[in-house]
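The block underneath contains the structure these notes are about, expressed in structure tokens.
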Amino acid sequence: MTPAGSFSLPASHPMFAGHFPGNPIVPGAYLLALVERYANDWLRAQGRAERVVGVASVKFLRPLRPDETCAVAFAAPADGRLRFRLDVAGASCASGALMLDAL
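Note that the sequence shown covers residues 100 to 202 in this note's numbering.
This is how it looks when you write it as structure tokens:
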């Protein structure tokens with residue numbers, strides 16, 4: 100896996116007000132939107148003429164909480180799918196594969 104960056108979402112972010120009060124977590128759909136943005140940036144930086152067109156698979160292994168720093172990494176195997184992993188403090192919180200298409 101090649102590191103592609105990291106992010107942290109502050110507890111003051113409005114999405115945490117309803118997801119879930121007293122026990123906030125980052126919604127999976129929001130995480131996937133961030134992964135797609137990072138993936139498209141990573142693909143451009145690698146000189147690849149592809150873009151993300153969907154999610155082939157995803158496994159959420161633990162919740163991501165406010166103020167946790169999450170590292171994003173990618174690997175592009177021969178099957179044409181871009182693999183991703185999200186890590187917090189060295190432990191995986193999500194992983195999966197994205198479908199790609201040519202630009």
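We put the CB at the ideal spot given by N, CA and C, even for glycine.
- Query: Any idea what DSSP makes of R161, helix, strand or coil?
  - Reply: In the three-state DSSP reduction, R161 falls in the coil class, being neither helix nor strand.
- Residues that DSSP places opposite F106 in a beta bridge: DSSP lists C169 as the beta-bridge partner residues of F106.
- Whole-angstrom C-beta distance between D186 and A170, which should lie under 8 Å: That pair is a contact at about 5 Å.
- Message: Relative to the C-alpha of G179, which candidate in A190, V154, S111 has its C-alpha closest?
- Response: Checked all of A190, V154, S111; the closest Cα to G179 is V154.
- Query: Over what stretch of residues does the alpha helix (DSSP H) that includes G127 continue unbroken?
  - Reply: Secondary structure note for G127: its alpha helix (DSSP H) is the uninterrupted segment 127–144.
- Using a Cβ-Cβ cut-off of 7 Å (strictly less than) and excluding sequence neighbours within five positions of G127, which residues of its own chain qualify? In its chain, beyond the 5 residues on either side, F159 have a beta carbon closer than 7 Å to the beta carbon of G127.
- When the Cα atoms are used, what is the spatial distance from V157 to G117? In a straight line, the C-alpha of V157 is about 23 Å away from that of G117.
- Other residues of its chain near L142: CB distance less than 6 Å, five sequence neighbours each side excluded: Excluding positions up to five away in sequence, the list reads E149.
- By Cβ distance below 8 Å, which residues in the same chain neighbour N139 in space, the five residues on each side in sequence not counted? If you ignore the 5 residues before and after N139, its C-beta comes within less than 8 Å of the C-beta of R150, V151, all in its own chain and listed in chain order.
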